[in-house]
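Participant: Residue numbers (the numbering used here), protein chains in the order written: chain A, 2 to 259; chain B, 5 to 436. Using N, Cα and C, we set each Cβ at its ideal position, and we do this for glycine too. Please read all numbers here as calculations on a predicted model, not as lab measurements.
This is the structure:
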């Protein structure tokens with residue numbers, strides 16, 4: 002599904018990712034943990050194609066092709082989805098219209114007919130219920146005035162509507178209470194399938210209790226310093242990052258948002 | 005004052021006696037007010053120098069073009085294109101003249117509504133009492149050279165549900181003409197109506213369209229005034245609305261500056277009676293080499309009045325825009341609430357917009373604010389939409405429309421609103 006080889010990436014000339022190697026196979030759930038400033042969000046932005054981040058070395062293969070060749074929207078239509086850490090507000094653009102237009106952009110790409118407002122309402126209804134979103138949020142502007150939890154659940158709604166093949170969740174669990182967290186997990190689990198993969202970026206082990214990962218990686222100072230199974234998340238939760246030893250201590254530059 | 009501008013005023017003065025003759029032969033009266041208009045044109049001229057009125061706007065094309073009043077243009081050319089019907093009571097004016105054949109039948113208007121051609125009905129009492137020409141050359145020019153327009157009177161308590169739509173068209177015959185429609189709206193106490201002014205068409209060469217509309221909102225009257233400017237790029241449009249509000253009245257002005265080569269729109273509003281409310285919104289969507297210039301002047305002359313003003317501008321291509329707004333609160337106008345906002349979006353590197361929001365407050369117990377922003381589309385928003393599968397152009401158009409929507413969506417006449425939405429989207433799609 003996704004192969005990352007020796008990935009280096011910089012923002013405004015400053016190198017953040019310093020050689021990442023990662024292999025994600027169909028159906029797998031990978032979690033990436035690590036302290037602030039380690040490059041977690043940079044990785045997610047690079048995968049989504051944010052032009053502010055420059056790939057300086059290495060490559061990303063998605064379904065066997067060079068991801069760098071694809072524009073942001075092409076990546077999206079080819080099934081890459083990023084749930085944003087900070088979802089963007091768009092005053093004046095109704096959430097329902099936004100969601101329908103996004104779904105239709107994907108349908109058009111697949112050669113399927115576009116959904117009208119009624120068909121879309123039918124299609125979306127069950128997913129809105131699953132994520133326990135207030136239907137009133139559909140008539141409001143995209144994310145404008147939404148609470149933190151509503152924004153995150155709106156991201157999950159987009160994910161369940163767009164049915165991506167590779168979904169990245171960038172700290173989707175941050176700032177959520179336990180009920181909201183369970184709802185988000187329910188949304189993710191509803192999508193788990195043999196041909197769909199997830200990359201979950203998180204600070205906490207909490208979400209991983211509900212969305213159980215196949216692999217956990219620790220990212221520090223732009224490199225993956227340790228990989229393991231789901232039990233690695235528990236260890237990190239118990240012991241913090243210090244027990245990883247000198248290797249890790251060296252990898253912590255300190256400060257900065259990742 | 006340069007030669008061209010001197011010549012312009014002098015030329016209009018030379019034309020005036022012959023013009024009055026023609027009007028007399030057509031049975032159109034009101035020479036006294038016209039004389040006053042001409043006198044003002046002669047004094048003010050069309051010079052930029054030292055005139056606050058033209059500090060930010062552009063009067064040169066008007067001063068330099070030799071436009072001729074043509075009241076003799078009575079019949080439109082065959083095949084005239086008119087906007088689709090929107091279920092309104094429609095009055096059509098072609099090259100400034102009322103066209104009964106193209107208009108809704110006016111034989112039995114709703115009770116309390118008197119409506120028709122200003123040239124036919126005449127007016128010696130109210131006309132010119134709202135529009136101040138002392139420092140306004142183009143309004144003075146209109147006052148001298150208008151030859152038709154709307155006269156609308158609402159009796160006390162008359163509530164007219166059907167919108168009244170004025171369509172002003174210029175056709176191929178109007179090349180080089182001065183077209184100066186004059187409209188008068190007198191809303192009696194407690195009356196209500198919605199009036200739409202639309203300006204469309206244009207000849208294949210320059211024309212000067214210089215309309216003036218005067219509105220009197222009687223006590224507790226409510227007037228909604230929707231204005232849509234969508235003329236061709238050969239049209240120079242310099243127009244204004246002049247409004248006086250009595251106690252407890254409500255006036256809503258919504259302006260949409262879409263078409264035209266050069267557009268200058270002014271709103272002059274006097275809150276003359278206590279507890280009156282006005283809402284002024286506007287959208288400028290300019291592209292190519294368009295110039296669009298908005299000037300608003302609101303005077304709070306009575307206590308307890310409210311102004312809510314929001315103008316938005318989107319500028320593509322090499323277009324240039326101005327927003328010059330002023331709210332003045334007189335010394336005794338306590339408990340005034342006045343809010344003025346101007347937001348502009350520059351959608352190309354070559355587009356320019358100037359924003360001059362102003363408040364002048366002489367009372368001490370008021371709630372007022374003003375603000376202005378000019379910027380570009382948020383790249384984080386563009387990225388967010390692209391990450392959901394929208395191509396970049398679509399993302400930018402959706403965001404531009406989202407920006408404009410705030411002033412388009414509240415349009416009170418649904419059919420007009422739908423048409424406006426389509427027109428705004430189409431123009432954004434064309435880009436440039």
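Considering residue 107 of chain A, what are the terminal residues of the alpha helix (DSSP H) in which it resides?
Facilitator: Element bounds for residue 107 of chain A: 96-110.
Participant: Which value, in whole angstroms, describes the spacing of the CA atoms of residue 122 of chain A and residue 154 of chain A?
Facilitator: The straight-line gap from Cα to Cα measures roughly 18 Å.
Participant: Kindly say whether residue 91 of chain A, judged by its beta-carbon, lies nearer than 8 Å to any beta-carbon of chain B.
Facilitator: Yes - at least one Cβ of chain B is within 8 Å of the one on residue 91 of chain A.
Participant: Distance, Cα to Cα, residue 259 of chain A vs residue 42 of chain A?
Facilitator: Its pLDDT being 38, under 50, residue 259 of chain A is placed unreliably in this model, and the value from its coordinates should be taken loosely. Their backbone Cα atoms lie some 5 Å apart in a straight line.
Participant: Please specify which runs of the alpha helix (DSSP H), each continuous and at least 4 residues long, are wholly inside the region 281-323 of chain B, giving them in chain order.
Facilitator: Those alpha helix (DSSP H) runs which fall completely within the region 281-323 of chain B and span 4+ residues do not exist here.
Participant: Where does residue 90 of chain B fall in DSSP's three states?
Facilitator: The answer is coil: DSSP assigns residue 90 of chain B none of H, G, I, E or B.
Participant: I need the DSSP call for residue 58 of chain B, collapsed to helix, strand or coil.
Facilitator: Here residue 58 of chain B sits in helix by DSSP.
Participant: Is the beta carbon of residue 75 of chain B less than 8 Å from the beta carbon of residue 240 of chain B?
Facilitator: Cβ distance not < 8 Å, so residue 75 of chain B and residue 240 of chain B don't count as in contact.
Participant: At the level of alpha carbons, what is the spacing between residue 253 of chain A and residue 39 of chain A?
Facilitator: Any reading at residue 253 of chain A needs caution, since the residue's pLDDT is 40, under 50, leaving its predicted position unreliable; the model's value is listed next. For residue 253 of chain A and residue 39 of chain A, the distance between alpha carbons rounds to 8 Å.
Participant: Cβ of residue 287 of chain A within 8 Å of Cβ of residue 220 of chain A?
Facilitator: Outside the modelled stretch of chain A, which goes from 2 to 259, sits residue 287 of chain A, for which no answer is possible.
Participant: Starting from residue 152 of chain A, follow the beta strand (DSSP E) in both directions and report where the run begins and ends.
Facilitator: Not the beta strand (DSSP E): residue 152 of chain A falls in the alpha helix (DSSP H), residues 149-163.
Participant: So within the region 168-255 of chain B, which uninterrupted alpha helix (DSSP H) runs reach at least 4 residues, ignoring any that extend past its ends?
Facilitator: Here no run is fully enclosed.
Participant: In the region 68-82 of chain A, which residues sit with their C-beta less than 7 Å from some C-beta in chain B, listed in chain order?
Facilitator: Flagged, chain order: 73, 74, 77 and 78.
Participant: Counting pairs of Cβ atoms below 8 Å between the region 234-254 of chain B and the region 88-107 of chain B, do you hit three or more?
Facilitator: Because the criterion of three Cβ pairs below 8 Å is not met, the region 234-254 of chain B and the region 88-107 of chain B do not touch.
Participant: Please report how far the alpha carbon of residue 153 of chain B lies from the alpha carbon of residue 174 of chain B, in whole angstroms.
Facilitator: Approximately 14 Å, taken between the alpha carbons.
Participant: Should residue 307 of chain B go down as buried or exposed, given a rule of 16 or more other Cβ atoms within 10 Å for buried?
Facilitator: Its Cβ being crowded by 16 or more others within 10 Å, residue 307 of chain B is buried.
Participant: What distance in whole Å lies between the Cβ atoms of residue 86 of chain A and residue 171 of chain A, which are believed to be in contact at a cut-off of 8 Å?
Facilitator: Confirmed, Cβ separation roughly 4 Å.
Participant: Using 8 Å as the limit for Cβ to Cβ distance, is residue 159 of chain A near chain B?
Facilitator: At least one chain B Cβ lies under 8 Å of residue 159 of chain A.
Participant: Can the beta-carbon of residue 417 of chain B be found closer than 8 Å to that of residue 119 of chain B?
Facilitator: Cβ atoms of residue 417 of chain B and residue 119 of chain B: not closer than 8 Å.
Participant: Quick check on residue 248 of chain B - is its C-beta less than 8 Å from some C-beta in chain A?
Facilitator: No, its Cβ sits nowhere closer than 8 Å to a Cβ of chain A.
Participant: For residue 224 of chain B, tell me which candidate among B/230, B/248 and B/252 has the shortest Cα-Cα distance.
Facilitator: Checked all of B/230, B/248 and B/252; the closest Cα to residue 224 of chain B is B/252.
Participant: Rounded to the nearest angstrom, what separates residue 168 of chain B and residue 96 of chain A at their Cα positions?
Facilitator: Their Cα atoms are separated by approximately 35 Å.
Participant: If contact means a Cβ-Cβ distance below 9 Å, which residues of the region 398-427 of chain B contact chain A?
Facilitator: The residues in question are 398, 399, 402, 403, 405, 406, 407, 408, 409, 410 and 413.
Participant: Would you say residue 255 of chain A reaches chain B, if we count a Cβ-Cβ gap shorter than 8 Å as a contact?
Facilitator: Low per-residue confidence applies at residue 255 of chain A: pLDDT is 35, beneath 50, and the placement is therefore not dependable, though the value from the model is reported in the following sentence. Not closer than 8 Å to any Cβ of chain B, the Cβ of residue 255 of chain A fails to qualify, so no.
Participant: Kindly identify the DSSP beta-bridge partner or partners of residue 202 of chain A.
Facilitator: Paired residue(s): A/33 and A/171.
Participant: Just mark residue 5 of chain B as buried or exposed, buried being the case when its beta carbon has 16 or more other beta carbons within 10 Å.
Facilitator: Unreliable placement is indicated for residue 5 of chain B, whose pLDDT of 45 sits below 50; the coordinate value is still reported in the next sentence. Looking at its Cβ environment, which holds fewer than 16 other Cβ atoms inside 10 Å, residue 5 of chain B is exposed.
Participant: Would a check of beta-carbon distances place residue 118 of chain A closer than 8 Å to chain B?
Facilitator: Chain B, which has no Cβ nearer than 8 Å to the Cβ of residue 118 of chain A, makes this no.
Participant: Among B/221, B/394, B/293 and B/339, whose alpha-carbon lies nearest the alpha-carbon of residue 368 of chain B?
Facilitator: Here the closest residue by C-alpha is B/339.
Participant: Using a Cβ-Cβ cut-off of less than 7 Å, list which residues of the region 41-57 of chain A approach chain B; keep chain order.
Facilitator: Answer in chain order: 49 and 51.
Participant: Using 8 Å as the limit for Cβ to Cβ distance, is residue 94 of chain A near chain B?
Facilitator: Yes, residue 94 of chain A lies at the interface with chain B (some Cβ there is under 8 Å from its Cβ).
Participant: Would you kindly work out how many angstroms separate the C-alpha atoms of residue 156 of chain A and residue 88 of chain A, rounded to a whole number?
Facilitator: Near 7 Å, if we compare the C-alpha coordinates of residue 88 of chain A and residue 156 of chain A.
Participant: To the nearest angstrom, how far is it from the Cα of residue 421 of chain B to the Cα of residue 234 of chain B?
Facilitator: Looking at the two C-alpha atoms, the distance is approximately 14 Å.
Participant: If we count the other Cβ atoms within 10 Å of its Cβ and call it buried at 16 or more, is residue 433 of chain B buried or exposed?
Facilitator: Under this definition residue 433 of chain B is an exposed residue.
Participant: With distances taken Cα to Cα, identify the nearest neighbour of residue 414 of chain B among B/287, B/183, B/143 and B/46.
Facilitator: The candidate whose alpha carbon is nearest that of residue 414 of chain B is B/287.
Participant: Give the DSSP-derived three-state secondary structure of residue 7 of chain A in the structure shown.
Facilitator: It is a strand residue.
Participant: Residue 15 of chain A lies in the beta strand (DSSP E); which residues open and close that run?
Facilitator: Looking at the DSSP string, the run of the beta strand (DSSP E) that includes residue 15 of chain A is 15-25.
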